[in-house]
Every structure is written in C-alpha cells, then in structure tokens.
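In the UniProt record's numbering, the protein residues as written are 1 to 341.
What follows is the structure, encoded as structure tokens:
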C-alpha cells in the first residue's frame, strides 16, 4: 500500500492490475479512511488514466453481486455531475426503449450529486428494483426492463461511501457507475459530464470487452446528448473508437433551450416524464428524450442511424409507452400481492 501512495506522490500512474488490486483491497476494508482519501484525492488532482479507470471497474466487478441474463442487453446510464437540473433523461429513455421491445438492464442509484436519481424517479413511477437474478430475468422476459439498484449489487461500496462523502470532491468513483453494470450489459450509452472525462472513459471501455458503447457529452456540459447545440459522441465498437459531433437538426429535431426540461425534485421529474409520454410536454423536453433514445436504439443495433432511431422513438410515444408503463406498474402490484399471500 505504501508503494502505491509513494508512486502517486511521485506523479506516477497505476497499471490496470495495480488499480484493480487496490480497489479490491478498498472493498474488503483493508485500508483506513485516511489512506483511501489520500489515494483518491491524489489521483483526482493528478488526473485519472484509462488504465486506472478500467482497473477500478474490473476490481469493483469482482466484488459485486453479478448476475447472468441471456440475450442482448442495453444500459442507459450517465455519470451525473452535470449540474443542469434536467429530468432523468436516461431513465425515461430506458422505459421508452423497453416499450419497443429492447431489453434494458438499467443500473442506477438514488440522488447523490443531482436533484433526482434514477432510483428516486422509478420508485415514484411504480417501477420495481430487482434484487435477484430470477427477478431480473422474469422482468426482462415480461417487460424488457430490469432495474439494478447499485447498493444492492455493490454492497462493498460501504467501505468507500464515507470517504467519498468526507472528501466532497469528484473522484474516480463518479465515473464507475456506467462501467459496472451487474448484468454485464454489452451495449451501453453513457453520458459523461466533460469531454476530457469522456476521452478517458472511451479508452477504458476498450479494455472491458463490450460490444458497442456510445459515450456522449453535450456542448453545454450535459451528460446526455443535448438539443441546445452540438454534442460530442465517441463510438466504441470492441477496441476501436471514432469521434464525431451531432446536432439536433441532423436527426430531424429542433434546437432550443432546455429550461422546460429542468426539475427541482424526483416528483417533478416523474411528472415531466409522464407528460412527455403523454405528448403534452414542451417540444424541447420531448426532443431531449427522443435524441437520446434514438442514439440508444442505434447503439443496440435497432436502428441504422441516430436519425432513424429518433423517428422510431417518436412513434413509441403516446399509447404504446403509456400502456407499457401501466403493465410494469401492474406487474409490481401483482408481485406485492403474491408476497403477501
């Protein structure tokens, strides 16, 4: 351990293997809070490398409760931390995509840095968390959507949580949520709050044996594709990547402000998502969802382009997604009744 700190103090970086070993030790309680805080702070201010990020992701995965679900799985997950206050776009996208028959393995948590986390919103919408492999497989089979509440699957994070809270700064762990899906979803669209972090994320993804990943950052700092202007996309297929920009106009959407997409609570986010599904929300709030859902469809191979994905996603608004949401809510009620019987 002393060697690791000495390396970092001398501005050296960790190899993937060293990073993996260190996070595994963190997650078994082998290091005190002061040591962990020192390492995380040094890494953050020195700058995180792709090797370190991949090593941490692999180490976290070895200490997680991992599950196996057959078939192609897509995760829509962001790093958070963009300070935009927008509604939970990736969560709304997961529901919309599942109504189209795309199998979604959504990994998320309650609010940490934002006003509303995916778990907070799903709870209000009546969408269950799935704590076992059997529950997850059943949910995917019935409704094409399973939600993995991060603390249920990454219990070893209990050793790190107090350190992160005490530091009160972003650390490498802010980037790890999208990389540590318990079901190992091999297709992912990952929203990242900054272009520098997106570059590191892309290089780390190449080391994780995933099929296809889109890493997206809005020019306005949104950890989603944005409708206020261009967004940067890094498309990673296996260990090959390409980078490009995309604008709303290129995919048939209008550019505009996202003021109407800003919320102050999980309840407001849930209400806005329902309004978008109902087709009564603003064009901008709806466009934000369609752009990101369209990109997710492209990522999963369900559309030949993001533009085609946007068109397909738009067709699913209204009755299709509303009936699907109701079906998920009813299955949750049915499960609760079975437990009480």
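Each residue gets a CB set at the ideal place from its N, CA and C atoms; glycine is no exception.
Cβ neighbours of residue 41 in the same chain (closer than 8 Å, five flanking residues each side left out): 167, 169 and 171
Taking the alpha-carbon positions, what's the residue 117 to residue 238 distance? 29 Å
Output the boundary residues of the beta strand (DSSP E) element that contains residue 188. 187 to 191
Between residue 62 and residue 184, what straight-line distance do the alpha-carbon atoms span, to the nearest angstrom? Residue 62 and residue 184: Cα-Cα distance of roughly 12 Å.
Anyone know if the C-beta pair for residue 145 and residue 68 falls short of 8 Å? no
Have a look at residue 159 and residue 177 and give me their C-alpha separation to the nearest angstrom. 16 Å
Please confirm whether residue 236 and residue 96 have their CB atoms less than 8 Å apart. No; because the gap between Cβ atoms is not below 8 Å, this pair is not in contact.
Reducing DSSP to helix, strand and coil, say where residue 233 ends up. Per DSSP, reduced to three states, the secondary structure at residue 233 is strand.
Is residue 153 helix, strand or coil by DSSP? Three-state DSSP puts residue 153 in a helix.
Is it buried or exposed, residue 188, if we count other Cβ atoms within 10 angstroms and call 16 or more buried? buried
Taking the Cβ atom as the reference point for each residue, do residue 89 and residue 271 lie within a distance shorter than 8 Å? Not in contact: residue 89 and residue 271 (Cβ atoms no closer than 8 Å).
Could you name the residues of the same chain whose beta carbon sits closer than 8 Å to that of residue 340, not counting the 5 residues immediately before and after it, in chain order? Low per-residue confidence applies at residue 340: pLDDT is 45, beneath 50, and the placement is therefore not dependable enough to give any value.
Cα-Cα separation, residue 257 to residue 58: Computed Cα separation, rounded: 38 Å.
Checking 8 Å against the spacing of the C-beta atoms, do residue 175 and residue 157 come in under that value? no
Out of 140, 162 and 3, point me to the one whose CA is closest to residue 33's CA. Residue nearest to residue 33 within the set 140, 162 and 3 is 162 (criterion: CA-CA distance).
Residues that DSSP places opposite residue 105 in a beta bridge: 146
Compute the Euclidean distance between the alpha carbons of residue 316 and residue 14, then round it to the nearest angstrom. 46 Å
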